[in-house]
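K.L.:
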Amino acid sequence: MAEQTRKAPRRSTGLILELSSEFAGTMVLILFGCGVVAQVVTGAIDIAPGALGNHDSIAWAWGLGVTLGVYTAARLSGAHINPAVTLSLAIFKGFPWSKVAPYAVAQTAGAFVAALLVRWNYTEALAKADPTHTIKTQGVFSTLPGNGVLPVSQWGALRDQIIGTAILVLLIFAVTDLLNTPPGANLAPFIIGLIVVAIGMAWGADAGYAINPARDFGPRLASYFTGYGGAWRDQYGDIYFWVPIVGPLIGGPVGAAFYKIFVGRLIPMAGAPEVGRTPEPEAEA
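Each residue of the sequence shown is one higher than the last, beginning at -5 in the numbering used here.
1) Within its chain, find whatever has a CB closer than 6 Å to the CB of Tyr116; leave out the 5 residues flanking it on each side and keep chain order.
2) Between which two residues does the alpha helix (DSSP H) carrying Ala105 extend?
3) What alpha helix (DSSP H) runs, 4 residues minimum, are completely inside the region 48 to 100?
4) Sorted by chain position, which residues of the same chain lie with C-beta nearer than 8 Å to Thr7's C-beta, five sequence neighbours on each side aside?
5) Whose CA, out of Ile185, Pro238, Ile189 and Phe219, lies closest to the CA of Asp200?
6) Using the beta-carbon count (16 or more within 10 Å), is Thr272 buried or exposed?
7) Look up Ile166 in the DSSP assignment and give the residues it is bridged to.
8) Which of the three DSSP states is assigned to Ile205 in this structure?
9) When the Cα of Gly57 is compared with those of Ala251, Lys122 and Tyr203, which residue comes out closest?
10) List the whole-angstrom C-beta distance separating His74 from Gly221, where the pair is believed to meet the contact cut-off of C-beta under 8 Å.
11) I'd like to confirm the pairing. Which residues does DSSP put opposite Ile233 in its beta bridges?
12) For Ile10, does the three-state DSSP call read helix, strand or coil?
13) Glu16 and Ser71 - do their beta-carbons sit closer together than 7 Å?
14) Give the straight-line distance between the Cα atoms of Ile280 and Asn48, rounded to the nearest whole angstrom.
15) Between the C-alpha atoms of Ala245 and Asn206, what's the straight-line distance to the nearest angstrom?
16) Apply the 10 Å Cβ neighbour rule to Pro139 and answer buried if 16 or more other Cβ atoms are within range, or exposed otherwise.
17) Could you name the residues of the same chain whose beta carbon sits closer than 8 Å to that of Ile261, not counting the 5 residues immediately before and after it, in chain order?
18) Can Ser136 and Arg214 be called in contact, C-beta distance under 7 Å?
19) Taking the alpha-carbon positions, what's the Met21 to Gly231 distance?
20) Using CA coordinates, which residue listed in Gln229, Phe252, Glu12 and Val30 is at the minimum distance from Pro145?
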């Protein structure tokens, strides 16, 4: 039997394949992320706090969502699944600037579609928990300062988003740098997922650790179209949707710059002798 080969895509369709991949990868991320929040929030209201999960289960599901989203999209697009990552790669890694906006649109569209699926699937539970679809369950889809309960201002939330995304991108650059010590056996997506789990557990109180403009804006838009009229505002009634967009877009490049200045540029190129180590003896002929 003749071996079957897959034709290489034409260059004109290459970007379409990449955008399709980013759409799918981000959709997988949000299916697990918004899905777990919907389960925890509706369960806490309808049954009892913690009955269907808690903060830790939310952090783990978001992290696993990132892992699975990266595995979904990695081959075709590099699995950015986050406009802040795409922007940082364009600034520091030579990613084409012409692809930055299309990637961001595809990522946001994937998040939007996934949030619509979560909204549809949890229709009955959300209606029972919050019949008028208020800020009480808005957190299923998008973030709020202080998670809607702590006394955190918009500027405090912006600060949090800058720092949290800087941590995320710094560590993504670290674990994907081939000159550093990257994870072997295709484990980088799993490690990146663990990074998100850690950020959720350590940096989740002030602004819900969106750390991804597409993750927040896509589901926020989906919630607005499906009955959440206050989706653009926070618990104080102020316009808030810009914070989880602007904060990550600032924080991502900050984290990338930190890694490049303090670590990346100092790593010797392959084959160069490392400081403090005796060169390996040459093999005998």
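All C-beta atoms, glycine included, are put in the ideal place defined by N, C-alpha and C.
Bear in mind that the values here come from a model prediction, so they are computed numbers and not experimental data.
P.N.:
Based on what the coordinates show:
1) Non-local beta-carbon contacts of Tyr116 in its own chain, meaning distances under 6 Å to residues more than five positions away in sequence, involve Ala32 in chain order.
2) Note, Ala105: alpha helix (DSSP H), Val94 to Asn115.
3) Within the region 48 to 100, the complete alpha helix (DSSP H) runs of at least 4 residues are 49 to 71 and 77 to 86.
4) There are no such residues.
5) The residue among Ile185, Pro238, Ile189 and Phe219 with its C-alpha nearest the C-alpha of Asp200 is Pro238.
6) Below a pLDDT of 50, predicted positions are generally treated as unreliable, and Thr272, at 47, falls in that range; the measurement from the model is reported next regardless. Thr272 counts as exposed, since fewer than 16 other C-beta atoms from the protein chains shown sit within 10 angstroms of its C-beta.
7) Residue pairing by DSSP leaves Ile166 without any beta bridge partner.
8) Ile205: coil per DSSP, three-state reduction.
9) Of the residues Ala251, Lys122 and Tyr203, the one whose Cα lies closest to the Cα of Gly57 is Tyr203.
10) In this structure His74 does not touch Gly221 by the C-beta definition: roughly 31 Å separates them, more than the 8 Å allowed.
11) DSSP output for Ile233 lists Arg227 as bridge partner(s).
12) In the structure shown, Ile10 sits in a helix (DSSP, three-state: H, G or I).
13) The Cβ atoms of Ser71 and Glu16 sit closer than 7 Å to each other.
14) Any question about residue 280 goes unanswered here, given that the chain covers just -5 to 279.
15) Sequence inspection shows Gly at residue 245; the Ala mentioned does not correspond to that position. In a straight line, the C-alpha of Gly245 is about 10 Å away from that of Asn206.
16) The residue in question, Pro139, is buried, as its Cβ has 16 or more Cβ neighbours within 10 Å.
17) Asp171, Leu173 and Asn174, listed in sequence order.
18) It is a contact, given that the beta carbons lie within the stated cut-off.
19) Between Met21 and Gly231, the C-alpha separation is close to 29 Å.
20) Per the Cα distances, Gln229.
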